[in-house]
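Worksheet for the structure shown next.
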Amino acid sequence: MTKIFLTGATGCVGSYVLSSLLADSDFQIQALVRTPEKIPADLRGHSRLKILKGDLADLNAFEKELKEAEYLIHTAVAWGESAAYALNFKQTRLLFESLNPLICRRIFYFSTASLLGAQQRFFPRCFFAGTDYIRSKAALHCYLQETTALPPLSVLYPTVILGGDSNHTFSAAGQGLKDLPEWMPWLRFLRIQGLFHWIHAADIAQMLVYWLKQGTAGTEMVLGNPAQTVGEVLAELSAYCDLAPVYQVPLEPFLPLLTALLSGQMNDWDRYSLRARNLEYSAFYPARLGLFSEHASLQQVLRTMGIAKMKKAP
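Taking the UniProt record's numbering, the leading residue of the sequence shown gets 1, the next gets one more, and so forth.
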């Protein structure tokens with residue numbers, strides 16, 4: 001039976017990947033987690049799941065499992081300060097180097113689309129303007145470009161990730177959508193130019209299982225539905241909340257003033273993000289692979305996440 005070593009199985013993407021692998025494949029899953037109790041109770045006793053309690057700081061304890069792994073799916077991530085560099089660069093590098101290249105068929109590594117600029121090329125400014133998280137991901141990106149000693153590698157660049165429910169961990173963006181009924185009545189009065197991608201974690205998991213089964217994964221793939229304008233997204237959110245269209249105040253003329261007023265609370269990456277609001281990629285999403293998605297629209301996503309609607313507009 002094919003063995004998959006999975007990290008981050010209690011995070012948003014990892015939790016969807018784990019449930020999809022158990023439901024839609026016959027792979028043997030070895031999941032490295034720090035807190036096994038966060039895995040849903042109905043999955044913990046699954047015959048094809050072996051839970052490894054620990055973290056990436058102690059890879060020696062899992063040397064046997066890593067040497068036997070035929071696939072590695074690495075979704076684990078750290079966000080802040082020294083922890084970001086330790087896990088996202090140092091420990092991830094050691095993780096990849098712990099595999100047996102004669103046995104491991106492919107590594108699926110989750111990076112971030114934040115590293116990419118125009119034409120889907122690496123954006124070197126990440127090293128100088130990026131957050132700790134961005135810089136650590138950028139450092140690993142450069143390492144992966146230089147090394148030739150690893151098994152075949154698929155680098156996945158997810159865009160804005162949505163997802164979360166009673167059985168899956170909420171993403172950061174998904175967590176923010178829980179407050180939609182509170183801030184949408186006021187946000188709908190604003191207008192700003194911008195274009196971005198988003199994707200539900202369940203769709204990421206579905207595509208990953210597809211690539212594992214078909215053996216057709218590329219070396220670098222951006223993950224996201226077709227790009228939408230900020231206006232289109234706000235219109236969908238307003239419709240979901242049963243809010244009527246209203247006059248919108250354009251924000252562009254006020255951005256220099258807002259940037260100056262908030263300069264003490266903004267870092268270089270925040271300022272860059274305000275300027276680079278129209279990034280569009282050739283991204284992968286289920287329909288592009290001939291797959292069906294239950295999360296193709298924002299309204300579908302909001303319903304599956306159980307996001308409440310407005311009771312009364314202001």
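Built from N, CA and C at the ideal position, the CB exists for glycine as well.
Which of helix, strand or coil DSSP assigns to residue i
i	result
residue 165	strand
residue 27	coil
residue 353	As shown, the chain starts at 1 and ends at 314. That puts residue 353 outside it, with no answer to give.
residue 79	coil
residue 315	The structure shown has nothing for residue 315, since the chain only spans 1 to 314.
residue 11	coil
residue 313	The pLDDT assigned to residue 313 is 46, lower than 50, so where the model puts this residue is not dependable; a value taken from the coordinates is nonetheless given after this. DSSP places residue 313 in coil when its eight states are reduced to three.
residue 229	strand
residue 245	coil
residue 21	helix
residue 99	coil
residue 294	coil
residue 305	coil
residue 88	helix
Local Cβ density within 10 Å of residue i, reported as buried at 16 or more and exposed below that
i	result
residue 163	buried
residue 252	exposed
residue 324	There is simply no residue 324 to check, as the chain begins at 1 and stops at 314 in what is shown.
residue 314	Low per-residue confidence applies at residue 314: pLDDT is 46, beneath 50, and the placement is therefore not dependable, though the value from the model is reported in the following sentence. Answer is exposed; the Cβ neighbour count stays below 16.
residue 157	buried
residue 70	buried
residue 47	exposed
residue 286	buried
residue 14	buried
residue 109	buried
residue 292	exposed
residue 315	There is no way to answer for residue 315, as the model of the chain reaches only from 1 to 314.
residue 96	buried
residue 102	exposed
residue 92	buried
residue 112	buried
residue 155	buried
residue 174	buried
residue 307	buried
residue 202	buried
residue 206	buried
Strand pairing of residue i, partner residues [DSSP]
i	result
residue 284	223
residue 192	Note: residue 192 sits in no beta bridge, so no partner.
residue 200	162
residue 319	Because the chain in this structure spans residues 1 to 314, residue 319 falls outside the shown range and cannot be described.
residue 250	191
The region 164-174 / the region 227-240 touching (three or more Cβ pairs under 8 Å): With a cut-off of 8 Å, the region 227-240 and the region 164-174 do not count as touching, because too few Cβ pairs lie within range.
Cβ contact check for the region 210-218 and the region 175-191: 3 or more pairs under 8 Å: Result no; under three Cβ-Cβ pairs closer than 8 Å.
contact_flag[the region 76-95, the region 188-199] where n(CB pairs < 8 Å) is 3 or more: Under the Cβ criterion (8 Å, minimum of three pairs), the region 76-95 does not count as touching the region 188-199.
Entirely enclosed beta strand (DSSP E) segments - the region 102-184, minimum 3 residues: Counting only runs of 3+ residues, the beta strand (DSSP E) found wholly inside the region 102-184 occupies 106-110, 153-158 and 160-162, in chain order.
Contact the region 26-38 vs the region 125-143: 3+ CB pairs below 8 Å: Counting Cβ pairs under 8 Å, fewer than three are found: no touch.
Minimum length 3: unbroken beta strand (DSSP E) runs contained in the region 36-84: Fully enclosed beta strand (DSSP E) runs of 3 or longer: 49-53 and 71-74.
Any 3 or more C-beta pairs closer than 8 Å across the region 144-151 and the region 280-300: Contact between the region 144-151 and the region 280-300 is absent, because fewer than three Cβ pairs lie under 8 Å.
Any 3 or more C-beta pairs closer than 8 Å across the region 63-79 and the region 2-10: The region 63-79, when compared against the region 2-10, does touch it at the 8 Å Cβ threshold.
At least three beta-carbon pairs within less than 8 Å, the region 15-29 to the region 84-104: A contact between stretches requires three or more CB pairs, one per stretch, nearer than 8 Å, and the region 15-29 fails this requirement with the region 84-104.
Three or more C-beta pairs below 8 Å linking the region 286-301 and the region 234-242: The region 286-301, when compared against the region 234-242, does touch it at the 8 Å Cβ threshold.
At least three beta-carbon pairs within less than 8 Å, the region 21-34 to the region 47-56: Yes, since at least three Cβ pairs between the region 21-34 and the region 47-56 fall closer than 8 Å, the two stretches touch.
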